[in-house]
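K.L.:
Following this note's numbering, the numbering of the sequence shown begins with 5 at its first residue and continues without gaps. Before we start, here is the structure in question, set down as structure tokens.
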Amino acid sequence: MRKMPSKMFAWIGMAVLLLPALAQAAGPAAANIVIVADTRKTTGLLRWWGDLYNESHLYFAILTVVLIPVIGVIFGTLADLVMSRIGIDLKSRELAEH
Numbered sequence: 005m006r007k008m009p010s011k012m013f014a015w016i017g018m019a020v021l022l023l024p025a026l027a028q029a030a031g032p033a034a035a036n037i038v039i040v041a042d043t044r045k046t047t048g049l050l051r052w053w054g055d056l057y058n059e060s061h062l063y064f065a066i067l068t069v070v071l072i073p074v075i076g077v078i079f080g081t082l083a084d085l086v087m088s089r090i091g092i093d094l095k096s097r098e099l100a101e102h
């Protein structure tokens, strides 16, 4: 008795997985999507960044991965400087829990 529901679920699962493939095979093949950045009205650094994205997604990804931590360190350092100038000292923290 236990084999009957498991076989039925197996057939239902196979049908659920194969029916979309049959529906897709009925139509014409879809064209590849090309994703590009519109750089017509940009200048300077934004134009270079967009052109880099359009020419090589690999170089764009590598540069982005390198720049994000660098910018984070710069912003963190600036925030630390600003907070120390206005009197917030984060280096010697006393815990309020007793």
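Just so it is clear, CB atoms sit at the ideal spot from N, CA and C, and this is done for glycine as well.
Give the DSSP-derived three-state secondary structure of R44 in the structure shown.
P.N.:
If DSSP states are grouped into helix, strand and coil, R44 belongs with coil.
K.L.:
What residue does the alpha helix (DSSP H) around V74 start on, and which one ends it?
P.N.:
Residues H61 to R89.
K.L.:
Our contact map puts T68 next to G54 with C-beta atoms below 8 Å; I'd like the distance itself, whole angstroms only.
P.N.:
Not confirmed; about 13 Å, so no contact.
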